[in-house]
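108 is the number of the first residue of the sequence shown in this note's numbering; add one for each residue after it.
Positions of the beta carbon are idealized from the N, C-alpha and C atoms, including for glycine.
Bear in mind that the values here come from a model prediction, so they are computed numbers and not experimental data.
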Amino acid sequence: MVHDPPPHRTAPHRTAPAIAPAPSAAGSRGLTAGDAARIAAAIDAELAASTRAMYASAWRHRHTCCRERGIAARPATRSYPPSRRQLAG
């Protein structure tokens, strides 16, 4: 028998903001400045202003800590921690 998860354990339903595609020049490839602006607006709409501010603050703190230790501040990736093959170089 299949049971539905309790309501407090289900992810909230989100809808993407309605953004109309921009007209592009015939034969153009890649993103236009307008495309990039619309994508950035859609991403910003997914996060609350307080969340974006907290992420920015955490990144500044991380960057400062890395700089003080003389290491490069890079964003975390799904491939972290590196595999043994990557460490072996």
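- Note on geometry: alpha-carbon atoms of I146 and R181 lie some 23 Å from one another.
- In the same chain as R169, and ignoring 5 residues on each side of it, the C-beta atoms closer than 7 Å to its own belong to A180, in chain order.
- In the three-state scheme derived from DSSP, where H, G and I count as helix and E and B as strand, G141 is classed as helix.
- Within the same chain, no Cβ atom closer than 6 Å to the Cβ of A163 is found once the five residues on either side in sequence are excluded.
- Bounds of the alpha helix (DSSP H) holding A165 are 156-176.
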